Amino acid sequence: MKKKIAIFGSTGSIGKSLIDIINHDKDNFEIILLTTNKNYSNLLKQAKIFRVKNLIITDKKSYNIVRKKKLKINIYSNFNNLNKIFKNKIDYIMSAISGIDGLSPTFKSIKYTKKIAIANKESIICAWNILKRELNKNNTEFIPVDSEHFSIWSALPSKKIINNIDEIFITASGGPFYKMPISKFSKITIKDATNHPNWKMGKKISVDSSTMMNKVFEVIEAKNIFNLPISKLKILIHPESYLHAIIKFKNGLSNMIVHETDMKIPIYNSIYENKEYYKKIKNLNLNKLNKLNLKKPNLKKFPLVNILQKIPKKFSLYETILVSTNDTLVELFLKNKIDFISIPKVFKTLINLKEFRKYRNKVPTKIDQIIKLNKLVQLNIKSIYN
Ligand code: NDP
Ligand code: MG
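At position 314 of the sequence shown the residue is numbered 341 (this note's numbering), and the sequence of numbers has no breaks.
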């Protein structure tokens with residue numbers, strides 16, 4: 028029987044990689060739904076190849092253009108009608124919309140699938156308690172797609188093993204400025220910050236990698252997914268990006284997870300459940316294993332990493348404040364409104380504001396609360412810079 032699947036954000040980097048993977052195995056998949064924001068031309072190409080009958084296009088202009096084509100496909104402009112699209116539980120959903128906008132579709136989709144692969148970091152960081160409840164309620168299996176978390180997940184065959192973990196090291200490439208002296212940081216341009224040495228990713232996540240905020244978010248992701256205190260999660264700079272995580276167990280053994288720097292590995296395994304070997308993946312390069320470097324991050328150069336010491340023990344809306352503040356500052360940087368070194372400086376000032384600090388004790392219970400707070404934070408910060 029064909030696997031019934033849906034891809035949220037199918038025109039993005041993660042979405043396209045998944046399309047590419049299943050394109051080699053078309054006979055075994057039926058795509059029930061594909062979604063995009065603006066990129067309708069690519070979406071229509073994907074829909075044609077896989078004969079997809081349901082599309083969601085959230086950008087109004089793009090939605091109207093496609094509607095006028097009068098295609099024999101159901102076109103929706105939002106995620107409010109998933110009950111019309113999914114008559115029964117499907118096998119797999121990939122949640123790969125970028126940003127906080129991915130939260131609501133991710134939450135709404137859980138009850139319609141047996142398994143959900145979540146790439147959207149913001150969902151895991153800001154709404155984990157709400158998603159977990161929904162996953163349990165609907166008996167939906169979850170798999171993380173972020174490469175470090177996927178690696179850790181795949182190395183823990185049972186949940187029981189989580190209790191045997193002493194600490195986990197999450198590796199970071201160090202980004203484009205790992206070797207740059209701090210004295211040159213004031214001259215960093217948008218082009219410099221979006222040019223990642225090892226991974227090809229979108230602009231926003233590339234800037235997060237250059238400030239190391241991406242790793243801060245990944246530690247929070249790991250805290251939530253594996254239910255571990257921040258003190259047990261450490262960042263290690265590993266410029267080769269070959270080793271994705273090291274799990275140190277209480278019994279003295281450690282597990283190191285190594286794979287090529289290719290997001291298709293976690294994506295492939297999230298849909299094939301480790302059962303098959305993806306033939307296009309490069310073989311493990313043993314020579315690289317002889318040259319692996321591991322170092323502690325330089326906190327003077329990357330002060331955002333210090334935020335990890337300030338995160339409340341209990342999950343709260345503070346995580347949303349962090350995500351929204353960072354999103355807004357990166358957006359301002361990419362629009363040339365603030366310079367690179369202002370990102371950590373302004374960040375520190377903003378998150379210490381009284382009106383933001385009060386969210387440290389508030390636990391989100393609904394996705395809407397997170398979305399509202401995100402808008403509030405963005406408006407507040409943008410009003411200062413416009
Ligand atoms: P992209 O920016 O490449 O793609 C995002 C996708 O979401 C596109 O299909 C985009 O449509 C769609 N989209 C964007 N905004 C909206 C919106 N407001 N409403 C509905 N759809 C929208 O992102 P990536 O694929 O790189 O990343 C996806 C998620 O996975 C992110 O949360 C990221 O942090 C995470 N991730 C990505 C990794 C990577 O290597 N790329 C690694 C680990 C995690 P359109 O094409 O029209 O813009
Ligand atoms: Mg990652």
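Every residue gets a Cβ at the ideal spot worked out from N, C-alpha and C, and that includes glycine. All figures in this text were calculated on a predicted structure; none of them were measured in a lab.
I'd like to confirm something about glutamate 346: is its beta-carbon nearer than 7 Å to some heavy atom of the ligand NDP, or not? Not a single heavy atom of the ligand NDP lies less than 7 Å from the C-beta of glutamate 346.
Span of the alpha helix (DSSP H), counted from its first residue to its last, around methionine 240: 240-253
Simplified DSSP state of aspartate 193, which is helix, strand or coil: strand
Rounded to the nearest angstrom, what separates arginine 275 and isoleucine 189 at their Cα positions? Looking at the sequence shown, residue 275 is not arginine but lysine. Taking the straight line joining both Cα atoms gives about 11 Å.
Is it buried or exposed, tyrosine 345, if we count other Cβ atoms within 10 angstroms and call 16 or more buried? buried
So what's asparagine 333 in DSSP terms, helix, strand or just coil? Residue state for asparagine 333 is assigned as helix, using DSSP reduced to three classes.
Please report how far the alpha carbon of lysine 341 lies from the alpha carbon of arginine 387, in whole angstroms. 9 Å
Could you tell me whether the stretch 249-261 touches the stretch 205-214, using the rule of 3 or more Cβ pairs below 8 Å? no
Drop a sphere of 10 angstroms on the beta-carbon of glutamine 73, count the other beta-carbons inside from all chains shown, and report buried for 16 or more, exposed for fewer. Buried: at least 16 other Cβ atoms inside 10 Å.
Isoleucine 59 versus Thr238, Ile338, Lys29 and Phe244, residue with shortest Cα-Cα distance: Lys29
Could you check whether threonine 167 and serine 150 sit closer than 8 Å to each other, using their CB atoms as the reference points? No, the Cβ-Cβ distance between serine 150 and threonine 167 is not below 8 Å.
Straight-line Cα distance separating phenylalanine 169 from methionine 283: Within the model, the alpha-carbon separation for methionine 283 versus phenylalanine 169 is close to 22 Å.
7 Å Cβ shell around leucine 335 - same chain, five flanking residues per side excluded: Val243, Val246 and Ile257
Which same chain residues end up closer than 8 Å to leucine 270 when comparing Cβ atoms and leaving out the 5 residues on each side of it in sequence? Thr198, Met283, Ile284, Val285, Leu319 and Leu321
Regarding threonine 63 and the ligand NDP, is the C-beta to nearest heavy atom distance less than 7 Å? Yes, the ligand NDP has a heavy atom inside 7 Å of this Cβ.
With a threshold of 7 Å, establish whether the CB of serine 200 neighbours any heavy atom of the ligand MG. no
Say yes only if the C-beta of serine 174 is nearer than 7 Å to one or more non-hydrogen atoms of the ligand MG, and no if none qualify. yes
I need the DSSP call for alanine 123, collapsed to helix, strand or coil. coil
When you compare each of Asp54, Tyr90 and Asn55 to threonine 62 by their alpha carbons, which one comes out closest? Tyr90
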